[in-house]
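Asks: First the structure, then my questions, so here it is.
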Amino acid sequence: MVAPSLQALAKKLLVVGGTGGVGFQVCKVAVARGWDVTSLSRRGKPTLTEANQKDFVAPQGWTHKVNWAQGDSLNPSTYKEAIAGVNSVVHTVGLLLEDNYKEILHSQNFDELSKSVQTAIRGQNPLDTRKTPKTGLTYEKVNRDTAITVANEAAKEGIESFAFVSAAFAPPMVPNRYLTTKREAETALLTHPAGFRSIIFRPGFLSTSERPFTLPLAGLLQVSSAILGDSVRGTIPFAQALSTPPLEMETLARAIVNSLENPEIKGIIDVEGIAELANNPHTQNVGASKKAVEDDKPKDGKLE
Numbered sequence: 001m002v003a004p005s006l007q008a009l010a011k012k013l014l015v016v017g018g019t020g021g022v023g024f025q026v027c028k029v030a031v032a033r034g035w036d037v038t039s040l041s042r043r044g045k046p047t048l049t050e051a052n053q054k055d056f057v058a059p060q061g062w063t064h065k066v067n068w069a070q071g072d073s074l075n076p077s078t079y080k081e082a083i084a085g086v087n088s089v090v091h092t093v094g095l096l097l098e099d100n101y102k103e104i105l106h107s108q109n110f111d112e113l114s115k116s117v118q119t120a121i122r123g124q125n126p127l128d129t130r131k132t133p134k135t136g137l138t139y140e141k142v143n144r145d146t147a148i149t150v151a152n153e154a155a156k157e158g159i160e161s162f163a164f165v166s167a168a169f170a171p172p173m174v175p176n177r178y179l180t181t182k183r184e185a186e187t188a189l190l191t192h193p194a195g196f197r198s199i200i201f202r203p204g205f206l207s208t209s210e211r212p213f214t215l216p217l218a219g220l221l222q223v224s225s226a227i228l229g230d231s232v233r234g235t236i237p238f239a240q241a242l243s244t245p246p247l248e249m250e251t252l253a254r255a256i257v258n259s260l261e262n263p264e265i266k267g268i269i270d271v272e273g274i275a276e277l278a279n280n281p282h283t284q285n286v287g288a289s290k291k292a293v294e295d296d297k298p299k300d301g302k303l304e
């Protein structure tokens, strides 16, 4: 067990989407650092199939130290108690596909992944923006509005910092609205009138051993990014996806918690900055990455 950080003592952290992949890891790291952690999600406590079972079975497991609150991040009345007195917020909620995305993300092997993708395509084409998703969840609601709504409520509590998990790019075959709504949320947070410290994380592909199908793809992207680097960006289809190094969810989680405890960190943090911050919590050179800002500039009227 890591000794509690001095910065974290008596401080309350709200993790929006704490039952998801990245959010779950953030909760785990933050608890180990001594934070008073509350997870906010629609389901409340994660199921055993979504988490490490031994953490829930063991009486002293870290999950017993998390307040697993249930609520709708778009409806502040459902999480008044969870957000009361919060010092920092981490927003990890994100929508990759507007239909069937949960089944895709939780696939345990390539067979399950293939079936989930085929179901999504047969049921409703995620690239067709003329249709309303059967779930009622859209990129605008999940990627943008949940972050802004929670930020507005957290500002009333006088929060110190708000960390937002964005994205470096829209993955292949995913509508560009996935990325534009992320960018709209970024702008709202970075310019929020409350003036809290906004920290924007832009990872590429994320892997974890808890989702086995992500590991082979992460290995391939590690090789392609090392070979291609930035030289092909913008020259071939999917160039940014192929040239951006993957990250482990655990690495991103460490970087997020380190950023909350390092008052010098703010602004946009790209993949290289995330890796640096995860390994060097006292660094001061990763915020407002010039490279990330340059990548964000529209080219021919479109985001990369």
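Using UniProt numbering, count along the sequence shown one by one with no gaps and you end on 304. Positions of the beta carbon are idealized from the N, C-alpha and C atoms, including for glycine. This one's a predicted model, so the numbers in the text were calculated from it and none came from an experiment.
(1) Taking the straight line between their C-alpha atoms, what separation do you get for Gly71 and Arg43?
(2) Roughly how many angstroms lie between the CA atoms of Asn279 and Thr244, to the nearest whole one?
(3) In whole angstroms, give me the CA-to-CA distance for Ala151 and Gln284.
(4) Quickly, what does DSSP pair Asp36 with across the bridge? List them, please.
(5) Quick one, which of Gly20, Pro193, Ala167 has its alpha-carbon nearest Thr208's?
(6) Taking DSSP as the reference, what is the three-state secondary structure of Ala168?
(7) Curious, which full-length alpha helix (DSSP H) runs of at least 4 residues does the segment 141-225 contain?
(8) Taking only the alpha-carbon atoms, compute the straight-line gap between Lys45 and Gly273 and give it to the nearest angstrom.
(9) Please confirm whether Ala253 and Lys12 have their CB atoms less than 9 Å apart.
(10) Quick one: residues in its chain with C-beta nearer than 6 Å to the C-beta of Glu186, no 5 flanking neighbours on either side, listed in chain order?
(11) Could you tell me the distance, in whole angstroms, from the CA atom of Ser107 to the CA atom of Phe205?
(12) Assuming Thr92 and Val26 make a contact with CB atoms under 8 Å, what is their CB distance in whole Å?
(13) Quick one: what does DSSP say Val86 is sitting in, helix, strand or coil?
(14) Where do the ends of the alpha helix (DSSP H) carrying Asn262 lie?
(15) Considering just the uninterrupted stretch of the beta strand (DSSP E) at Gln70, what are its terminal residues?
(16) Grab me the residues of Glu153's own chain with a C-beta within less than 7 Å of its C-beta, minus the 5 sequence neighbours each way, in chain order.
(17) Within its chain, find whatever has a CB closer than 8 Å to the CB of Val66; leave out the 5 residues flanking it on each side and keep chain order.
(18) Quick check on DSSP: helix, strand or coil for His282?
(19) In the DSSP assignment, what are the bridge partners of Ile227?
(20) Assuming contact is defined by CB atoms lying nearer than 9 Å, are Ala163 and Ser41 in contact in what I supplied?
(21) Of the choices Thr146, Pro212, Ala275, Ala241, whose alpha-carbon is the least far from that of Gly94?
(22) Could you check the C-alpha separation between Glu98 and Val142 for me, to the nearest Å?
(23) If I follow the unbroken alpha helix (DSSP H) through Ser243, where does it start and stop?
(24) So Val90 and Ile256 are in contact, right, with Cβ under 8 Å, and what is the actual spacing, rounded?
(25) Output the distance between the C-alpha atoms of Leu96 and Val271, rounded to the nearest integer angstrom.
(26) Roughly how many angstroms lie between the CA atoms of Thr180 and His192, to the nearest whole one?
(27) So what's Leu277 in DSSP terms, helix, strand or just coil?
(28) Less than 9 Å between the beta carbons of Leu74 and Thr149, yes or no?
(29) Please classify Glu261: is it buried, with 16 or more other beta-carbons within 10 angstroms of its beta-carbon, or exposed?
(30) From this set, Asn87, Glu276, Val16, Val286, which residue's C-alpha is nearest Ala69's C-alpha?
Replies: To lay it out plainly:
(1) Along the sequence shown, read from residue 1 onward, the residue named residue 71 stands at position 71. Along the sequence shown, read from residue 1 onward, the residue named residue 43 stands at position 43. Rounded to the nearest angstrom, the two C-alpha atoms are 8 Å apart.
(2) Counting from 1 along the sequence shown, the entry for residue 279 is found at position 279. Counting from 1 along the sequence shown, the entry for residue 244 is found at position 244. When rounded, the distance between both Cα atoms is 19 Å.
(3) Indexing the sequence shown from 1 puts residue 151 at position 151. Indexing the sequence shown from 1 puts residue 284 at position 284. Roughly 25 Å separates the two Cα atoms.
(4) Within the sequence shown, the letter at position 36 stands for residue 36. In the DSSP output, where bridge partners are listed per residue, Asp36 has Lys12.
(5) By one-based count along the sequence shown, residue 208 stands at place 208. Closest option to Thr208, Cα to Cα, is Gly20.
(6) Taking the first residue of the sequence shown as position 1, residue 168 is located at position 168. DSSP places Ala168 in coil when its eight states are reduced to three.
(7) 146-156, 177-190
(8) Working through the sequence shown from its first residue, we reach residue 45 at position 45. Working through the sequence shown from its first residue, we reach residue 273 at position 273. Those two C-alpha atoms are separated by around 31 Å.
(9) Looking up residue 253 in the sequence shown gives position 253. Looking up residue 12 in the sequence shown gives position 12. Against a cut-off of 9 Å, the Cβ pair of Lys12 and Ala253 comes out as no contact.
(10) As a position in the sequence shown, residue 186 is number 186, starting the count at 1. The answer, listed in chain order, is Ser166, Ile200.
(11) As a position in the sequence shown, residue 107 is number 107, starting the count at 1. As a position in the sequence shown, residue 205 is number 205, starting the count at 1. The predicted model places Ser107 with a pLDDT of 47, which falls under 50 and marks its position as unreliable; any figure quoted below should be read in that light. Roughly 16 Å separates the two Cα atoms.
(12) Sequence index remark: in the sequence shown, residue 92 carries index 92 (1-based). Sequence index remark: in the sequence shown, residue 26 carries index 26 (1-based). Right, the Cβ-Cβ distance comes to about 7 Å (below 8 Å), so this counts as a contact.
(13) What you label residue 86 is simply residue 86 of the sequence shown in a count that begins at 1. In the structure shown, Val86 sits in coil (DSSP, three-state: anything other than H, G, I, E or B).
(14) As a position in the sequence shown, residue 262 is number 262, starting the count at 1. Unbroken run through Asn262: none, as it is neither H nor E.
(15) Against the sequence shown, residue 70 aligns to sequence position 70. Segment 67-70, the beta strand (DSSP E) holding Gln70.
(16) Along the sequence shown, read from residue 1 onward, the residue named residue 153 stands at position 153. Same-chain partners within the cutoff: Pro76, Ile83.
(17) On the sequence shown, residue 66 is found 66 positions in, with the first residue counted as 1. Closer than 8 Å at the Cβ level, and outside the excluded window around Val66, lie Gly18, Cys27, Val31, Val37, Thr38, Ser39.
(18) Counting from one through the sequence shown, the residue named residue 282 turns up at place 282. Residue state, collapsed to three classes: coil.
(19) Residue mapping note: residue 227 aligns to position 227 of the sequence shown, counting from 1. According to DSSP, Ile227 bridges with nothing at all.
(20) The sequence position of residue 163 within the sequence shown is 163, counting from 1. The sequence position of residue 41 within the sequence shown is 41, counting from 1. Cβ atoms of Ala163 and Ser41: not closer than 9 Å.
(21) Your numbering for residue 94 matches position 94 in the sequence shown. When each option's Cα is compared against that of Gly94, the closest is Thr146.
(22) Indexing the sequence shown from 1 puts residue 98 at position 98. Indexing the sequence shown from 1 puts residue 142 at position 142. Roughly 10 Å separates the two Cα atoms.
(23) Position 243 of the sequence shown, counting from 1, holds the residue named residue 243. Taken as a continuous stretch (DSSP letters only), the alpha helix (DSSP H) holding Ser243 covers 239-243.
(24) Numbered from 1 along the sequence shown, position 90 holds the residue referred to as residue 90. Numbered from 1 along the sequence shown, position 256 holds the residue referred to as residue 256. Indeed, because the Cβ distance is near 6 Å, the residues count as touching under 8 Å.
(25) Within the sequence shown, the letter at position 96 stands for residue 96. Within the sequence shown, the letter at position 271 stands for residue 271. Answer to the nearest angstrom: the Cα atoms are 19 Å apart.
(26) Residue 180 sits at position 180 when you count from the first residue of the sequence shown. Residue 192 sits at position 192 when you count from the first residue of the sequence shown. Their Cα atoms are separated by approximately 18 Å.
(27) Walking along the sequence shown from the start, residue 277 turns up at place 277. Correct three-state label for Leu277: helix.
(28) By 1-based counting over the sequence shown, the position of residue 74 is 74. By 1-based counting over the sequence shown, the position of residue 149 is 149. Going by C-beta atoms, Leu74 is nearer than 9 Å to Thr149.
(29) In the sequence shown, residue 261 corresponds to position 261, counting from 1. Its Cβ being crowded by 16 or more others within 10 Å, Glu261 is buried.
(30) The sequence position of residue 69 within the sequence shown is 69, counting from 1. Selected option, being the one with the closest Cα: Val16.
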